[in-house]
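Quick notes on the structure that follows.
Number of protein chains: 6
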Amino acid sequence: MVRRTLFFGRFQPFHLGHLMVVKWALEERKYDEIVIMVGMASESHTPRNPFTAGERIWMIREALREAGIDLSRIITATLPTMEVHVGAAHYVLTHVPPVESIITRNPVIARVFREAGIKVEKPPAFNRNELRGEHIRRLIAAGGAWEHLVPPAVVRIIREIDGVARIREITTED
Amino acid sequence: MVRRTLFFGRFQPFHLGHLMVVKWALEERKYDEIVIMVGMASESHTPRNPFTAGERIWMIREALREAGIDLSRIITATLPTMEVHVGAAHYVLTHVPPVESIITRNPVIARVFREAGIKVEKPPAFNRNELRGEHIRRLIAAGGAWEHLVPPAVVRIIREIDGVARIREITTED
Amino acid sequence: MVRRTLFFGRFQPFHLGHLMVVKWALEERKYDEIVIMVGMASESHTPRNPFTAGERIWMIREALREAGIDLSRIITATLPTMEVHVGAAHYVLTHVPPVESIITRNPVIARVFREAGIKVEKPPAFNRNELRGEHIRRLIAAGGAWEHLVPPAVVRIIREIDGVARIREITTED
Amino acid sequence: MVRRTLFFGRFQPFHLGHLMVVKWALEERKYDEIVIMVGMASESHTPRNPFTAGERIWMIREALREAGIDLSRIITATLPTMEVHVGAAHYVLTHVPPVESIITRNPVIARVFREAGIKVEKPPAFNRNELRGEHIRRLIAAGGAWEHLVPPAVVRIIREIDGVARIREITTED
Amino acid sequence: MVRRTLFFGRFQPFHLGHLMVVKWALEERKYDEIVIMVGMASESHTPRNPFTAGERIWMIREALREAGIDLSRIITATLPTMEVHVGAAHYVLTHVPPVESIITRNPVIARVFREAGIKVEKPPAFNRNELRGEHIRRLIAAGGAWEHLVPPAVVRIIREIDGVARIREITTED
Amino acid sequence: MVRRTLFFGRFQPFHLGHLMVVKWALEERKYDEIVIMVGMASESHTPRNPFTAGERIWMIREALREAGIDLSRIITATLPTMEVHVGAAHYVLTHVPPVESIITRNPVIARVFREAGIKVEKPPAFNRNELRGEHIRRLIAAGGAWEHLVPPAVVRIIREIDGVARIREITTED
Numbered sequence: 005m006v007r008r009t010l011f012f013g014r015f016q017p018f019h020l021g022h023l024m025v026v027k028w029a030l031e032e033r034k035y036d037e038i039v040i041m042v043g044m045a046s047e048s049h050t051p052r053n054p055f056t057a058g059e060r061i062w063m064i065r066e067a068l069r070e071a072g073i074d075l076s077r078i079i080t081a082t083l084p085t086m087e088v089h090v091g092a093a094h095y096v097l098t099h100v101p102p103v104e105s106i107i108t109r110n111p112v113i114a115r116v117f118r119e120a121g122i123k124v125e126k127p128p129a130f131n132r133n134e135l136r137g138e139h140i141r142r143l144i145a146a147g148g149a150w151e152h153l154v155p156p157a158v159v160r161i162i163r164e165i166d167g168v169a170r171i172r173e174i175t176t177e178d
Numbered sequence: 005m006v007r008r009t010l011f012f013g014r015f016q017p018f019h020l021g022h023l024m025v026v027k028w029a030l031e032e033r034k035y036d037e038i039v040i041m042v043g044m045a046s047e048s049h050t051p052r053n054p055f056t057a058g059e060r061i062w063m064i065r066e067a068l069r070e071a072g073i074d075l076s077r078i079i080t081a082t083l084p085t086m087e088v089h090v091g092a093a094h095y096v097l098t099h100v101p102p103v104e105s106i107i108t109r110n111p112v113i114a115r116v117f118r119e120a121g122i123k124v125e126k127p128p129a130f131n132r133n134e135l136r137g138e139h140i141r142r143l144i145a146a147g148g149a150w151e152h153l154v155p156p157a158v159v160r161i162i163r164e165i166d167g168v169a170r171i172r173e174i175t176t177e178d
Numbered sequence: 005m006v007r008r009t010l011f012f013g014r015f016q017p018f019h020l021g022h023l024m025v026v027k028w029a030l031e032e033r034k035y036d037e038i039v040i041m042v043g044m045a046s047e048s049h050t051p052r053n054p055f056t057a058g059e060r061i062w063m064i065r066e067a068l069r070e071a072g073i074d075l076s077r078i079i080t081a082t083l084p085t086m087e088v089h090v091g092a093a094h095y096v097l098t099h100v101p102p103v104e105s106i107i108t109r110n111p112v113i114a115r116v117f118r119e120a121g122i123k124v125e126k127p128p129a130f131n132r133n134e135l136r137g138e139h140i141r142r143l144i145a146a147g148g149a150w151e152h153l154v155p156p157a158v159v160r161i162i163r164e165i166d167g168v169a170r171i172r173e174i175t176t177e178d
Numbered sequence: 005m006v007r008r009t010l011f012f013g014r015f016q017p018f019h020l021g022h023l024m025v026v027k028w029a030l031e032e033r034k035y036d037e038i039v040i041m042v043g044m045a046s047e048s049h050t051p052r053n054p055f056t057a058g059e060r061i062w063m064i065r066e067a068l069r070e071a072g073i074d075l076s077r078i079i080t081a082t083l084p085t086m087e088v089h090v091g092a093a094h095y096v097l098t099h100v101p102p103v104e105s106i107i108t109r110n111p112v113i114a115r116v117f118r119e120a121g122i123k124v125e126k127p128p129a130f131n132r133n134e135l136r137g138e139h140i141r142r143l144i145a146a147g148g149a150w151e152h153l154v155p156p157a158v159v160r161i162i163r164e165i166d167g168v169a170r171i172r173e174i175t176t177e178d
Numbered sequence: 005m006v007r008r009t010l011f012f013g014r015f016q017p018f019h020l021g022h023l024m025v026v027k028w029a030l031e032e033r034k035y036d037e038i039v040i041m042v043g044m045a046s047e048s049h050t051p052r053n054p055f056t057a058g059e060r061i062w063m064i065r066e067a068l069r070e071a072g073i074d075l076s077r078i079i080t081a082t083l084p085t086m087e088v089h090v091g092a093a094h095y096v097l098t099h100v101p102p103v104e105s106i107i108t109r110n111p112v113i114a115r116v117f118r119e120a121g122i123k124v125e126k127p128p129a130f131n132r133n134e135l136r137g138e139h140i141r142r143l144i145a146a147g148g149a150w151e152h153l154v155p156p157a158v159v160r161i162i163r164e165i166d167g168v169a170r171i172r173e174i175t176t177e178d
Numbered sequence: 005m006v007r008r009t010l011f012f013g014r015f016q017p018f019h020l021g022h023l024m025v026v027k028w029a030l031e032e033r034k035y036d037e038i039v040i041m042v043g044m045a046s047e048s049h050t051p052r053n054p055f056t057a058g059e060r061i062w063m064i065r066e067a068l069r070e071a072g073i074d075l076s077r078i079i080t081a082t083l084p085t086m087e088v089h090v091g092a093a094h095y096v097l098t099h100v101p102p103v104e105s106i107i108t109r110n111p112v113i114a115r116v117f118r119e120a121g122i123k124v125e126k127p128p129a130f131n132r133n134e135l136r137g138e139h140i141r142r143l144i145a146a147g148g149a150w151e152h153l154v155p156p157a158v159v160r161i162i163r164e165i166d167g168v169a170r171i172r173e174i175t176t177e178d
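From first to last, the protein sequence lines are chains A, B, C, D, E and F.
One point on numbering: in the numbering used here, the residue at position 103 of the first sequence is 107, and numbering is uninterrupted.
One point on numbering: in the numbering used here, the residue at position 116 of the second sequence is 120, and numbering is uninterrupted.
One point on numbering: in the numbering used here, the residue at position 108 of the third sequence is 112, and numbering is uninterrupted.
One point on numbering: in the numbering used here, the residue at position 30 of the fourth sequence is 34, and numbering is uninterrupted.
One point on numbering: in the numbering used here, the residue at position 146 of the fifth sequence is 150, and numbering is uninterrupted.
One point on numbering: in the numbering used here, the residue at position 95 of the sixth sequence is 99, and numbering is uninterrupted.
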């Protein structure tokens, strides 16, 4: 029986903290497969969600590939919003193969899935001061050093899609 | 550079024709990766869409695994509807990593993606009389032999989720 | 502990068959309360859904009042569509107080709620030839006798809102 | 002719101020029936909307029952959002039986329904310092005394659904 | 005081019958301005709605320009669907400047706007056998002569956007 | 070939800065036609969006008429939200006739349309301290002098629809 878990986030962008959670799930928690659910998939090009869902999936896969993780154990999925309520937990679950747990540090999501009967796994907090999407987006906008906070593949893709200029442009005050 | 193509369908259920298209894309057309986009993801338990998106992704992955296809080359994705218009083609494309083509036999989808600047690949028609979702669902509802039209993994999953009873029940006249 | 059941339909219009189901639930099945969920609430003035949700709730309440049923045992609710899938069953359930069962003759709805862990009660078929909304709407459109198929309160409300003219007008061919 | 009014709110949770408004409408303003429209029905488990629509309807009915109010005079209804514009006023009105007025202290809702031709009744302000949903939710989250601000039935239901833990959990900072 | 009327349709494509209705409204009915509301704006590239809303607005304006009609008397507008109910009539009306009437031959739309208090103008039936969008689309798909049924500007635009090939392609059976 | 540009905003209300942009586009930039796209069309009667889309189109047309601008060069359009992402740019473009550029000072909209291949025209900043919708709405709410900041036709329409009272009422604290 394949053992699967669900990892829910916005991944704006996918950073080293996310990478450590994926490794922790596959190596320490010994799941066979992990479903990485990209929330807020229908928003992009805003200060809070600069990258499209497709760009985020691309970053996730290339980062995991370069980290030597077998991509056949990864299932990426998308959800238009991050709407949270008990019915929505069941809705999310109809979009993925059977999972036995959800990995989240978000207390609202934890509560909702727990009430829907899904086990919640709280991952360790890997350097939460620096490894936060908001912090990284702010560094990119301000011209600070951000490259050491994300996997090299993510640096490469952000450059390829001209993502630094995009983030600066959309966070400029008029 | 990773070469990717997009394969769009409802996969109700994933049958041998779909499997042949995936093989054709990876082996003959030599794509590195294929994005399998499951349309009508928000509908299930109806005569036309009996299986949830999650069940369909599960079938797709297990069928490809047993066919010896490297799952690391497969990216599954979902879309709530199958809305078709030029703007929607671009919307679909924001949900997947960069692709150079779309595989479809559907003339509307072909036209829309072609107008959006995406190359269209028309796959060979593998026994279209029998290998159609509608035909297979009707066989299941009527108690006919359908198991030889889908990969063994799909037979197994449909049994595990009690899918034959589900299809029969929802197609019963009141 | 209050025992509740859920009765789901479009009620276009509320007819004697529906009235018999409500009585059967309260008297024979001995539920304390019944939640009457009006589906397709956002559509009206079409041949299939001529009455607004508010008009249908009004008909239901006046028909039950004149039948001597204690309205304090009735909870009316509305749902924009009749979307059917497992996640939607949970969504429906977040809109009503706790229920132990659903009353339905519709095989799709039955299956979906059963998979969501809700008991399904199949009511007796009270004269299904004549007591069907579609049959009654057709009689109204064609100028036939329909008044004996619905409770007197429904006749009165349909007249008060000029419902016969509405149905005839919207089913006229151009 | 049945005289009805509409009372629109989120009821997170239903508190003594709401109860006083219902009594005022039925006793002082002498309406025969009151439609209690639960807004933001599709959101729950968030700090601002912790309870599902169904839980709120349940609280409303049990609180009114224990206050000796005849439940047959109460019509509960739900609306997915609290969208406010003139067209939406008419949309809301298609979801309820005919009403002659709306009870609201919200100036936006008042204006919109007045422009749609509905009389607006502004209820007295019953102790608005303490009898506000936001204040009560904050007390619950902080472990303060909140039970005297809501009807006993609401205390009972919040306990039964483990609502105190839910509110604390979803308002915890990560 | 500017006198305005509303003309609601899908305009797939804008044909000589539509042109005659616009002339009739401006010349015989002596309206100062006409709001042309393009319904089903969010669908295109399907057999029933081959043209985008923008293409349809473009056809309408160029056809009226070449017919010598003063474009300053024309207001074009779009609506995602053609949803029909009383609340929707008010919703439509919030999207256009004040109008005193609606021009329609559709009985459902007529009824809904009449119940919303808007005067309905039924235009004369200009050769309804041939001047119907469905008939024209079928002629285009089948390679028949259709050019005499639409204004010359519409012929020109359909050619410019390669519309004949589009219609043929999307109506091809697989 | 008709040269068109797209001007995207909320126009709450249409003020002298907007008028100057339209003149600049038609006179200095020499576009033949300008598409004025009214965003947030589905919201009204809120502090941020007090006027309906129809009222805004009405203001725009009357202001341009009195400024001596040929209305036949103006195309008004509406969009329910102001959702911003690359797919949405294409979606917007399916709703208007072909345009060669978009006029915007908003950096997010500029970026999104530029990535979609549309030229961006940044208009001069005409007195941005006073000529901002937010500033004007605040003056109206506070009883200050605002009439000199909008075209006379807009003053007249706001009076005709009782807009000053509306803005004051909806910005009143409870």
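Glycine residues also receive a C-beta, built at the ideal position from the N, C-alpha and C atoms.
Cα separation between Asp-178(B) and Thr-98(A)?
Annotation note: pLDDT 47 at Asp-178(B) (below 50); position unreliable, no value reported.
Taking Cβ positions only, does Arg-115(C) come closer than 8 angstroms to chain B?
Yes, because at least one Cβ of chain B sits closer than 8 angstroms to the Cβ of Arg-115(C).
Mind pulling the alpha helix (DSSP H) runs of 4 or more residues that sit fully within the segment 41-81 of chain E?
You should have 57-70.
Could you have a look at Leu-10(A) and say whether DSSP puts it in helix, strand or coil?
Strand.
Determine whether the beta carbon atoms of Val-25(A) and Ile-107(A) lie at a separation below 8 angstroms.
Yes, they are a contact pair.
If you compare alpha carbons, which of Val-168(F), Ala-129(F), Glu-164(F), Ile-73(F) is closest to Ala-149(F)?
Of the candidates Val-168(F), Ala-129(F), Glu-164(F), Ile-73(F), the one whose C-alpha sits nearest the C-alpha of Ala-149(F) is Val-168(F).
Check Met-126(E) in the structure and name its three-state DSSP category.
With the sequence shown as reference, residue 126(E) is identified as Lys, and Met is not the correct amino acid for it. If DSSP states are grouped into helix, strand and coil, Lys-126(E) belongs with coil.
Does any C-beta atom of chain E lie closer than 8 angstroms to the C-beta of Ile-174(C)?
It does; some Cβ of chain E falls within 8 angstroms.
From Ile-61(D) to Trp-28(D), what does the alpha carbon distance come to, in whole angstroms?
Answer to the nearest angstrom: the Cα atoms are 19 angstroms apart.
Strictly under 8 angstroms for the Cβ-Cβ distance: is Asp-178(B) near chain C by that measure?
Bear in mind that the predicted position of Asp-178(B) carries a pLDDT of just 47, short of 50, making it too unreliable to give a figure here.
If I measure Cβ to Cβ from Val-118(C) and keep anything under 6 angstroms in the same chain, skipping five residues before and after, which residues do I get?
Per the sequence shown, residue 118(C) should be read as Arg rather than Val. Excluding residues within five positions, the ones whose Cβ falls inside 6 angstroms are Val-124.
Note the first and the last residue of the continuous beta strand (DSSP E) segment covering Ile-107(A).
Here the beta strand (DSSP E) through Ile-107(A) covers 105-107.
Just grab the DSSP bridge partners of Ile-38(E) for me.
Ile-38(E) is bridged to Thr-9(E), Ile-78(E).
Excluding the five sequence neighbours on either side, which residues of its own chain have a C-beta within less than 7 angstroms of the C-beta of Asp-36(C), listed in chain order?
Closer than 7 angstroms at Cβ, skipping near neighbours: Val-6, Arg-7, Arg-8, Arg-77.
Give a yes or no on whether the minimum CB-CB distance between Gly-91(C) and chain A is below 8 angstroms.
Yes, Gly-91(C) lies at the interface with chain A (some Cβ there is under 8 angstroms from its Cβ).
Assign Val-154(A) to one of three DSSP states: helix, strand, or coil.
If DSSP states are grouped into helix, strand and coil, Val-154(A) belongs with coil.
Below 6 angstroms CB to CB, which residues in the same chain sit around Glu-151(D) once its five sequence neighbours on both sides are set aside?
So the list reads Val-159, once near-sequence residues are dropped.
Would a check of beta-carbon distances place Thr-82(F) closer than 8 angstroms to chain D?
No, because no Cβ of chain D sits closer than 8 angstroms to the Cβ of Thr-82(F).
With H, G and I counted as helix, E and B as strand and the rest as coil, what does DSSP make of Gly-21(F)?
In the structure shown, Gly-21(F) sits in a helix (DSSP, three-state: H, G or I).
Identify the contact partners of Leu-97(B) in chain A, using a Cβ-Cβ distance below 8 angstroms as the criterion.
Per Cβ cutoff of 8 angstroms: Gly-58.
Nearest to Ile-79(E) by alpha carbon, out of Gly-91(F), Arg-65(F), Leu-83(F)?
Comparing Cα positions, the closest option is Arg-65(F).
Quick one: does Ile-61(C) have its CB under 8 angstroms from some CB of chain D?
Closer than 8 angstroms: yes.
At which residues does the alpha helix (DSSP H) containing Arg-115(A) begin and terminate?
Segment 111-119, the alpha helix (DSSP H) holding Arg-115(A).
Let me know the secondary structure DSSP gives Leu-30(C) once reduced to three states.
Helix at Leu-30(C).
With 7 angstroms as the limit, tell me which residues of the segment 156-171 of chain C have their beta carbon closer than that to any beta carbon of chain D; keep them in chain order.
Against chain D - using a Cβ distance shorter than 7 angstroms - the segment 156-171 of chain C contributes no residues.
My output table needs one value for Glu-138(B): the three-state DSSP class, helix, strand or coil.
Residue state, collapsed to three classes: helix.
May I ask which residues mark the beginning and end of the alpha helix (DSSP H) holding Arg-172(F)?
Element bounds for Arg-172(F): 167-175.
From the DSSP output, in three-state form, read off His-99(A) for me.
His-99(A) falls in the coil class under three-state DSSP.
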